[in-house]
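Scroll down for the structure; my scribbles are underneath it.
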Amino acid sequence: MASRTPSKVRLTLTVFLCTLLQATPVSADLWVIFPLRQEVMELSQWVPEAGDSLLVDRDSNIGYLLHANGGFTSFPVATGQRRIVRYIGRTYNATTPLASWKAMSSEKKGDRITFGKSGRFLRLSMEDDTTFERTPYGIHSHAYIQTMLREDDRYRSMGCILVSEDVLDVIVETFEVNNDTLNVKTAAGLGNESISYKFLREKMGML
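In my numbering, the protein residues as written are 1 to 207.
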């Protein structure tokens, strides 16, 4: 019997492996280790999908949008001033709370200084046991957001998460794709090194 040529052997192995992969159940964790898509994406490449979520690191003031099945993008944000403030009749610590949230409503504000040129405001509700309580906090832009984002620490808001208008475009689209809801988490101490999809997924609680 004539021996097989190397090309025929490679073809046979390829067909065998493809058949094996199709017939073998694969756990969700394996898709995190071996993602089917590019793991880190530029914001310009990002296409909102059902199941997306938003994670904000309050220490580095970096926001991360995560797909449910692999891939993330990042962008600068501004969060609350770390001091006591008096604002709209309230006196409180303006530091953005660390919590699990859900954006559940979109509003249009007339104050285009505080809320940016579009006035868009995604109101955040804070998780409380099994329910979400409506809060004064939200996600929006600001007339001077570009100046804020160029600063080193970016603790400039009255407690809300501030983003540029182009980032807000993507977040609002993500909110709409997810039937006018978006899971959001504010965390601290994620660090600037070894940021991976698997790491962010764990911090988001997507186990």
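Glycine included, every Cβ here is placed at the ideal spot set by N, Cα and C.
Check, Outcome
"Proximal residues to alanine 187 (C-beta, below 8 Å), its chain only, five neighbours per side dropped", "Leu55, Val56, Asp57, Arg58, Leu98 and Lys203"
"As assigned by DSSP and simplified to three states, the class of isoleucine 195", "coil"
"Cα-Cα separation between arginine 154 and asparagine 61, rounded to whole angstroms", "7 Å"
"Close Cβ partners of arginine 156 (< 6 Å) along its chain, the five nearest in sequence each way excluded", "Ala78 and Met148"
"Segments assigned beta strand (DSSP E), at least 3 residues, entirely inside the region 36-93", "53-57, 62-66, 72-76, 84-87 and 90-93"
"Residue environment, valine 170, which counts as buried when at least 16 other CB atoms sit within 10 Å", "buried"
"Helix, strand or coil at phenylalanine 175 [DSSP, three-state]", "helix"
"Per DSSP, cross-strand counterpart(s) of phenylalanine 121", "Glu107 and His140"
"Residue from Met126, Ile145 and Ala94 with nearest C-alpha to valine 184", "Met126"
"Residue nearest to glycine 116 in terms of C-alpha spacing, selected from Asn93, Tyr144 and Thr96", "Tyr144"
"Endpoints, the beta strand (DSSP E) within which leucine 182 is located", "182-187"
"Outcome for threonine 91 when other beta-carbon atoms lying within 10 angstroms are tallied against a minimum of 16", "exposed"
"DSSP three-state assignment for leucine 162, whether helix, strand or coil", "strand"
"Buried versus exposed call for threonine 131 [16 or more other C-beta atoms within 10 Å across all chains shown]", "exposed"
"Arginine 150, enclosing alpha helix (DSSP H) - first and last residue", "145-150"
"Same chain, Cβ closer than 7 Å to valine 114, neighbours up to 5 away in sequence not counted", "Per the sequence shown, residue 114 should be read as threonine rather than valine. Excluding residues within five positions, the ones whose Cβ falls inside 7 Å are His142."
"Neighbourhood of threonine 95 by C-beta distance below 6 Å, restricted to the same chain and skipping five residues each side", "Gly80 and Arg82"
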